[in-house]
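K.L.:
Residue numbers for the sequence shown follow the working numbering, so the first one is 797 and each next one is one higher.
For each residue, glycine too, the CB sits at the ideal point set by N, CA and C.
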Amino acid sequence: ELTATINGKTVAGRAGETILDCARRHGVYIPTLCELHDIDHAPGTCRVCLVEIKMKHADKTHLVASCTTPMQDGLAIDTRTPELREMQRLQVELLLADHDQDCATCIRHGKCDLQDVAQFVGLRQNRFFDPARVAARPVDESSPALIRNMKRCIRCQRCIAICRDGQGVDALIQINSGLDTAVGLRHGLTQKNSACVTCGQCVLVCPTGALGERDETDRALEMMYDPELITVVQFAPAVRVGFGEEFGLPPGTNVEGQIITALRMLGASIVLDTNWGADLVIMEEGTELLHRLKERKRPTFSSCCPAWINFVERHYPDIMPMLSSTKSPQQCVGALAKTYLPEKMGIDPARIRVISIMPCIAKKDEIVRRQLIHDGVPEVDVVLSTREFARLLQRERIDLKSLEPSTFDNPYMSEYSGAGAIFGTTGGVMEAALRTMYYVVNGRELEHIEIEQLRGFEGVRTATVELGGDIGAVKIAMCHGLKPTRQIVEEVRSGKSDLDFVEIMACPGGCVDGGGTLRSKKAYLPYALKRRETLFGIDKNRPVRQSHRNAQVQALYRDYLGAPNSEKAHHLLHTYYTD
Ligand code: HC1
Ligand code: SF4
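Below, the structure is given as structure tokens:
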């Protein structure tokens, strides 16, 4: 331990920590922009975390960046002198010199770190603003999912760091130098044709509106307002546990019922649950997997995560035959909402538009895949990320917290089992699949359905599970985050792996921390475990906890599809992959 003072108060410092970390531990606020502790990123480029220090026995003070300067014994630190504030103000003013000034048009307005810091330092003028420089900065709108707007970039490089070190994709690089420094794609490519898989993790760490989803809130509203259209809205397993924070509820609160109420207030005609689709996917994927196991084709990779599919197609196209052909729950719901549902409800399929609310931006890529558009009609018309849904409720002045919860009332596609609910967290698809596969093989339920050995949180988890019957022991792996995924894929390609079934979620934590979830300031994925716990709680409290016991899924097979993997099921619920 070492002793120092911050603003005249004695504090205990720790060897090896930075001045910034020490100040934070003692509740002293220092503004920051480029630094993000959770991903160990402190490039020291924005210079707003300046502090004044005086070393032991020295008589001069000097200014240093607190995010990169280590604590020392006897240091006198000041975080709030007028000269310091003046310097910080100047830094922010320089950052704004080539920054889009039109905050009201920015998706980050009101939730932007740069705005916060500008307020904190008391910025009152913008002397260096140069519209020509702003105009020269590029905006990449090539991707259906992700917009990269360099007019709003403050060059913090967090996005580059998370893409390279966190996800191991390494699509982003720093381009140009000096005042022209910006973020671009390797080899001068655009977002759409680059190595980017639209996992959206870079969006989660961006402190401003430089990176964001393609906003489709207007399109969704237009559909819901149009009296000629029947809007079918579905929302993902993870959305209900990652949305309450926006309205001041504790992280991890389950707001399923309030979301249903809000959607009805907005004008949704029919509210469905993607969880129902997750149960259906288990029937299709589980059956497919058992066939593949009998044919000794191994491993099979799960296919519900669209950023993972992008990753395979762009980075490892040779393993495409190992991907399950089952569509994702989102697409299964979409496909059936335009076929089975109108048949059951006696409505004209041409009037139906499907809107999904997803904690993901890659889902926006998924809906425009050519395999999932039939004669010009997409299975899903619009995807709103959780963030866009929040924006939509804010602009419509709907306060989720004050709403009475409602329940799903669609008799065909909204009921779900506990297995469907846990899809939203890493390992959930695997656990759900094993519950049903065990039943199919043995004709009875698995005794302990919470498979504890699957519930860790390491990047890669492997286990051997005895399925009995003619299948025996199966070797499985679950992986979240693309860096560990690369490791598994490399093992499989080298022939060293004896895995049978692998679940992959591109985002660390799975969908609960998807690239479309609410952003946290100054933190990376702080609520993963809380959201996960709530999903496990939902599972525990469901009257039905296995996908094959979902009565509405059973009815679908009885009345419409025949059996899992039937010809009709194949036609509607399976797909293929292309590079
Ligand atoms: Fe997911 Fe899925 S779990 S991909 O993570 O398989 O986004 O929540 O909707 O489709 O069900 C996301 C979540 C989601 C699909 C399901
Ligand atoms: Fe990298 Fe994912 Fe961002 Fe694409 S979306 S640039 S893959 S972090």
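I need the boundaries of the alpha helix (DSSP H) containing ALA1131, first residue and last residue.
P.N.:
DSSP places ALA1131 in the uninterrupted alpha helix (DSSP H) bounded by 1125-1133.
K.L.:
Taking 8 Å as the threshold, find out whether the segment 1060-1072 comes into contact with the segment 1024-1036 through three or more Cβ pairs.
P.N.:
At 8 Å Cβ cutoff, the stretches touch.
K.L.:
Looking at C-alpha atoms only, which residue of LYS1160, TYR1320, SER1343 is the closest neighbour of ILE1218?
P.N.:
That would be SER1343, whose Cα lies nearest to the Cα of ILE1218.
K.L.:
Note the first and the last residue of the continuous alpha helix (DSSP H) segment covering ARG1328.
P.N.:
Under the DSSP assignment, ARG1328 falls in the alpha helix (DSSP H) whose first and last residues are 1324-1337.
K.L.:
What's the call for LEU1062, buried or exposed, on a 16-neighbour Cβ count within 10 Å?
P.N.:
buried
K.L.:
Quick check: the segment 1109-1124 against the segment 1301-1321, are there 3 or more CB pairs under 8 Å?
P.N.:
no
K.L.:
Where does MET1061 fall in DSSP's three states?
P.N.:
helix
K.L.:
Check whether the Cβ atoms of ALA1058 and LEU1196 sit closer than 8 Å, and answer yes or no.
P.N.:
yes
K.L.:
Which whole-angstrom value describes the C-beta separation of ARG1187 and LEU1314, a residue pair presumed to lie in contact below a C-beta threshold of 8 Å?
P.N.:
No, ARG1187 and LEU1314 are not in contact; Cβ-Cβ is about 10 Å, not under 8 Å.
K.L.:
Could you tell me the distance, in whole angstroms, from the CA atom of LEU832 to the CA atom of LEU1321?
P.N.:
12 Å
K.L.:
Could you tell me whether the segment 1121-1128 touches the segment 1276-1283, where touching means 3 or more Cβ pairs closer than 8 Å?
P.N.:
no
K.L.:
Establish whether the CB of ILE1334 and some CB of chain B are separated by less than 8 Å.
P.N.:
Protein chain content of the structure displayed is limited to a single chain, and chain B is not contained in it.
K.L.:
Out of ILE815, VAL1129, VAL844, which has the shortest C-alpha to C-alpha gap to ALA1365?
P.N.:
VAL1129
K.L.:
Please list, in chain order, all residues of the same chain as MET1118 whose beta carbon is under 7 Å from its beta carbon, the five residues on each side excluded.
P.N.:
PRO1095, THR1096, PHE1097
K.L.:
What's the C-alpha gap between MET1209 and CYS902?
P.N.:
36 Å
K.L.:
Out of LYS907, LEU910, CYS818, ASN922, state which residue places its alpha-carbon closest to the alpha-carbon of ASP874.
P.N.:
CYS818
K.L.:
Tell me the DSSP secondary structure of CYS959 in three-state form.
P.N.:
helix
K.L.:
My guess is that ALA1006 and ALA967 are in contact by the Cβ rule of under 8 Å, so how many angstroms apart are they, rounded?
P.N.:
ALA967 and ALA1006 do not touch by the CB rule: their CB atoms are close to 15 Å apart, not below 8 Å.
K.L.:
Classify THR1371 as helix, strand or coil using the three-state DSSP reduction.
P.N.:
coil
K.L.:
State the start and end residues of the unbroken alpha helix (DSSP H) segment that holds VAL1077.
P.N.:
1070-1090
K.L.:
Short of 8 Å in beta carbon distance, which residues of its chain neighbour ILE835, apart from the five on each side in sequence? Order them along the chain.
P.N.:
When the five nearest sequence neighbours on each side are left out, the beta carbons in the same chain lying within less than 8 Å of the beta carbon of ILE835 are those of ARG954, ALA957, ILE958, ASP961, GLY962, VAL1001, TYR1320, in order along the chain.
K.L.:
For ARG885, collect the residues of the same chain with a Cβ closer than 7 Å to its Cβ; drop the 5 residues on either side in sequence, then sort them by chain order.
P.N.:
So the qualifying residues of the chain are VAL917, GLY918, LEU919.
K.L.:
Tell me which residue opens and which closes the alpha helix (DSSP H) that ASP874 is part of.
P.N.:
In the DSSP assignment, ASP874 falls outside any alpha helix (DSSP H) and lies within the beta strand (DSSP E) extending over 872-874.
K.L.:
Contact check, SER862 vs THR806 under 8 Å by CB: the rounded distance?
P.N.:
18 Å between Cβ atoms; not a contact.
K.L.:
Reducing DSSP to helix, strand and coil, say where LEU846 ends up.
P.N.:
strand
K.L.:
Distance, Cα to Cα, ALA808 vs PRO839?
P.N.:
25 Å
K.L.:
What does the Cβ neighbour count give for GLN915, buried or exposed, with the cut at 16 atoms within 10 Å?
P.N.:
exposed
K.L.:
Output needed for GLU889: all residues of its chain with C-beta closer than 8 Å, excluding positions within five of it in sequence on either side, in chain order.
P.N.:
Excluding residues within five positions, the ones whose Cβ falls inside 8 Å are LEU919, GLN921, ASN922, ARG923, PHE924.
K.L.:
Could you have a look at ILE969 and say whether DSSP puts it in helix, strand or coil?
P.N.:
strand
K.L.:
Report buried or exposed for GLN1249, applying the criterion of at least 16 other Cβ atoms within 10 angstroms of its Cβ.
P.N.:
exposed
K.L.:
Suppose you measure from the CA of ALA1273 to the CA of ARG1231; what does that come to, to the nearest Å?
P.N.:
16 Å
K.L.:
Within the continuous beta strand (DSSP E) that includes MET1154, where are the two ends?
P.N.:
1148-1154
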